[in-house]
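Counting from 1, one number per residue, gives the positions in the sequence shown under the numbering used here. Built from N, CA and C at the ideal position, the CB exists for glycine as well. Written below as structure tokens is the structure these notes are about.
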Amino acid sequence: MKKRTLVMTGLTLLAVVALAGCSSKEKAGGTAKETKLPEARFEPDPQTPSWEKDTEHAAKLKWYVNFDWYAQPGWGVDTVTRKIKEDMNIDVEIVSGNDEKLNTMMASGNLPDLVTFDKNLTIAQDAPKFALPLNQLAEKYDPYFLEEAAKKQTVQWYTKEDGNIYGYPSFSVTQDDYDAGNTVGDQVFIVRKDIYEKIGKPDMSTPEGFLSALEKAKEATPKADDGSELIGFASTAIDIANGGDGAMGGTLQDFLAIPVSKDDAWYDRDADEEYITWLETLRQAYNKELMSDEQFSDNDNTMKEKLSQGKYFAYLHSNTKGLNEFMSNNNKRNKDQEYIAIDGPKNSAGDDSVFTGGTIGGWTNTFITNQTKEPQKAMELLTYLTSKYGNMVATFGIEGETYELVDNKAVLSEETEALRNSDIAKFDKTVGLGSYWFTIDSAYTLSMGEEPATSIRQMVRWADDKLAPRFEIEEIDPTPGTSLARNLTTINTDRVQAIVKYLEATDEKAGKQVWDDFLASRDNNNFEKITKERNDKLADNVKKLK
1 MKKRTLVMTG
11 LTLLAVVALA
21 GCSSKEKAGG
31 TAKETKLPEA
41 RFEPDPQTPS
51 WEKDTEHAAK
61 LKWYVNFDWY
71 AQPGWGVDTV
81 TRKIKEDMNI
91 DVEIVSGNDE
101 KLNTMMASGN
111 LPDLVTFDKN
121 LTIAQDAPKF
131 ALPLNQLAEK
141 YDPYFLEEAA
151 KKQTVQWYTK
161 EDGNIYGYPS
171 FSVTQDDYDA
181 GNTVGDQVFI
191 VRKDIYEKIG
201 KPDMSTPEGF
211 LSALEKAKEA
221 TPKADDGSEL
231 IGFASTAIDI
241 ANGGDGAMGG
251 TLQDFLAIPV
261 SKDDAWYDRD
271 ADEEYITWLE
281 TLRQAYNKEL
291 MSDEQFSDND
301 NTMKEKLSQG
311 KYFAYLHSNT
321 KGLNEFMSNN
331 NKRNKDQEYI
341 AIDGPKNSAG
351 DDSVFTGGTI
361 GGWTNTFITN
371 QTKEPQKAME
381 LLTYLTSKYG
391 NMVATFGIEG
401 ETYELVDNKA
411 VLSEETEALR
421 NSDIAKFDKT
431 VGLGSYWFTI
441 DSAYTLSMGE
451 EPATSIRQMV
461 RWADDKLAPR
471 FEIEEIDPTP
481 GTSLARNLTT
491 INTDRVQAIV
501 KYLEATDEKA
511 GKQVWDDFLA
521 SRDNNNFEKI
531 TKERNDKLAD
541 NVKKLK
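Here is the structure:
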């Protein structure tokens with residue numbers, strides 16, 4: 001799911017008009033903006049979600065989701081939306097699109113009731129111009145949202161300077177979630193188990209052990225099943241043209257437990273000697289033909305297809321969940337060649353790797369627009385989906401039909417599990433579990449028994465004790481569309497090209513010179529100003545987290 005930057009001009013934003021019959025005004029002293037809303041149909045209760053009282057009022061809402069790959073069979077067709085429709089007396093038309101469609105929609109001012117898009121899009125910063133404040137909607141129609149459904153730390157994170165929160169995220173992970181152990185890692189170092197055991201299960205956490213294991217693996221199993229040459233090591237595909245470092249940047253640095261900040265300041269991980277040591281290790285692996293040139297030309301799907309054919313011995317990956325289908329295919333192809341997670345590269349002190357288990361900012365944001373004619377019903381729907389009850393419906397379905405509670409954990413029925421494993425297309429169309437992720441609380445559903453797919457379960461579990469939050473560095477890069485953001489794009493592109501050149505260098509001295517030149521070249525692209533902006537935003541984040 002690629003994330004793109006949408007730049008909205010001032011003229012575009014001016015085209016967004018206010019909710020018919022409603023108006024906003026700024027209070028004296030710069031406090032929260034007050035929005036006039038239609039009266040509630042009843043007196044709401046902070047302890048009871050309003051949808052439970054509002055079943056007599058039928059409504060139809062339109063929800064725009066800014067991912068053109070997203071498509072659903074229709075509201076009420078699958079188990080999940082059938083249950084929501086039954087509970088709320090509501091129909092929802094879901095429409096998908098891309099940034100261009102979103103841009104056109106915003107320019108016209110013809111907005112649906114709800115919109116969902118990547119939180120990193122520039123337009124998210126202008127939410128007060130097209131969205132209603134969720135806190136004010138909640139106070140008037142559904143105080144249960146702020147009292148019980150929404151995460152308080154998430155609400156605090158998303159509250160703007162005007163005192164309002166406009167968008168609510170999916171997959172937001174808070175400090176409470178980390179403390180409770182309800183987080184999942186998404187980075188992994190895997191090896192083909194049969195080869196790994198054949199060469200004596202070596203320690204691959206040191207540069208020497210890593211290189212030795214790759215050499216022994218190729219000696220022990222020179223060919224894959226299809227007769228092609230076994231590739232000793234690969235990592236998530238590199239996108240040289242667009243500055244994508246695959247797993248050779250931040251993921252490798254996570255394995256080395258290099259900090260992301262020090263003393264409340266952004267830390268330059270690229271200049272850390274532990275990282276440079278492992279760049280040199282990978283250079284040696286490449287020069288010993290333990291890596292392939294295809295690392296620099298194959299796209300991610302092509303590389304994962306090769307994984308599903310057992311063509312790699314070791315693989316460093318930045319998206320464990322994205323391996324599910326390919327690991328399943330590999331295990332079906334040859335169950336004796338499954339991949340397992342083991343300890344990968346470590347720093348010279350042998351410290352355990354440290355990964356993020358999710359961000360407090362989450363992934364997407366969902367907004368109720370100021371064009372909705374059903375602000376109360378839209379708020380009730382958002383409350384429903386963000387609540388524990390709604391998360392159970394969206395993730396597990398209907399108790400007694402698609403799952404049962406066993407020791408307070410959801411266990412899918414045999415029929416539901418069998419359909420998911422045998423026909424995922426039919427499962428999505430008729431059951432729909434996991435399809436309505438717009439406000440999903442992954443930490444809660446994990447605590448209620450949601451399990452990774454069997455093919456990647458061991459990989460996910462391997463990272464369970466290596467997770468720590470890094471909220472302070474979220475969204476600290478320069479704002480998209482600014483000159484500093486363009487400078488950073490250039491630096492990132494140069495960085496990936498430097499990684500490739502380092503690996504291709506014929507000796508250590510030449511490789512380190514490539515990297516030294518890159519680090520110095522950043523000054524030509526306002527690196528000092530970028531660092532200052534990162535530190536300023538980091539300081540704001542630290543305040544916001546208190």
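Exercise. Mark tyrosine 312 as exposed unless 16 or more other C-beta atoms lie within 10 angstroms of its C-beta, in which case mark it buried.
Key: buried
Quiz item: Who does arginine 192 pair with in a DSSP beta bridge?
Solution: Tyr339
Exercise. Measure the Cβ-Cβ separation of phenylalanine 355 and aspartate 186 and say whether it is below 9 angstroms.
Key: yes
Quiz item: I think phenylalanine 471 touches serine 353, with their Cβ atoms under 8 angstroms apart; what is that distance to the nearest whole Å?
Solution: At roughly 19 angstroms, the Cβ-Cβ gap does not stay under 8 angstroms, so phenylalanine 471 and serine 353 are not in contact.
Quiz prompt | Any 3 or more C-beta pairs closer than 8 angstroms across the region 94-104 and the region 53-72 | solution = yes
Practice problem: Report all residues from its chain with a CB closer than 6 angstroms to the CB of leucine 412; omit the five preceding and five following residues, and keep chain order. | Solution: Tyr403
Quiz item: In chain order, what residues of the same chain have a beta carbon less than 6 angstroms from the beta carbon of lysine 304, not counting five sequence neighbours either side?
Solution: Phe326
Quiz item: Nearest CA to the CA of proline 128: which residue from Asn370, Ile476, Asp272 and Pro478?
Solution: Asn370
Quiz item: When the Cβ atoms of the region 269-289 are set against those of the region 342-350, are three or more pairs found closer than 8 angstroms?
Solution: yes
Quiz item: Once you ignore the five residues that flank glycine 390 on each side, which residues in its own chain have a CB closer than 6 angstroms to its CB?
Solution: Tyr384
Quiz item: In terms of DSSP beta bridges, what is leucine 380 paired with?
Solution: Residue identity check: residue 380 is glutamate in the sequence provided, not leucine. The partner list for glutamate 380 (beta bridge, DSSP) is empty, contrary to what the question assumes.
Quiz prompt | Three-way DSSP call (helix, strand, coil) for phenylalanine 42 in this model | solution = coil
Quiz item: Which residue's Cα is closest to the Cα of arginine 192: Pro202, Val184 and Thr183?
Solution: Pro202
Exercise. Would you identify the three-state DSSP class for threonine 116, choosing helix, strand or coil?
Key: strand
Self-check item: Neighbourhood of alanine 32 by C-beta, 7 angstroms cutoff - its chain only, sequence neighbours within 5 removed
Solution: Summary for alanine 32: the model assigns pLDDT 46, below 50, so the residue's position carries little reliability; its value from the coordinates is reported in the next sentence. If we look at alanine 32 and ignore the five residues flanking it on each side, its Cβ neighbours are Asp162, Gly163 and Asn164.
Quiz item: When the Cα atoms are used, what is the spatial distance from alanine 241 to threonine 493?
Solution: 7 angstroms
Quiz item: Nearest-angstrom Cα distance between isoleucine 231 and glycine 397?
Solution: 43 angstroms
Quiz prompt | Segments assigned beta strand (DSSP E), at least 3 residues, entirely inside the region 263-345 | solution = 312-317 and 339-341
Practice problem: In angstroms with no decimal places, state the Cα-to-Cα distance between aspartate 176 and aspartate 226. | Solution: 48 angstroms
Self-check item: Cβ-Cβ distance between serine 228 and leucine 252 below 9 angstroms
Solution: no
Practice problem: Compute the Euclidean distance between the alpha carbons of lysine 27 and alanine 539, then round it to the nearest angstrom. | Solution: Its pLDDT being 34, under 50, lysine 27 is placed unreliably by the model, and the measurement read from it follows with that caveat. Rounded to the nearest angstrom, the two C-alpha atoms are 28 angstroms apart.
Quiz item: Is the beta carbon of leucine 114 less than 9 angstroms from the beta carbon of phenylalanine 367?
Solution: yes
Self-check item: alanine 463 beta carbon less than 9 angstroms from that of alanine 378
Solution: no
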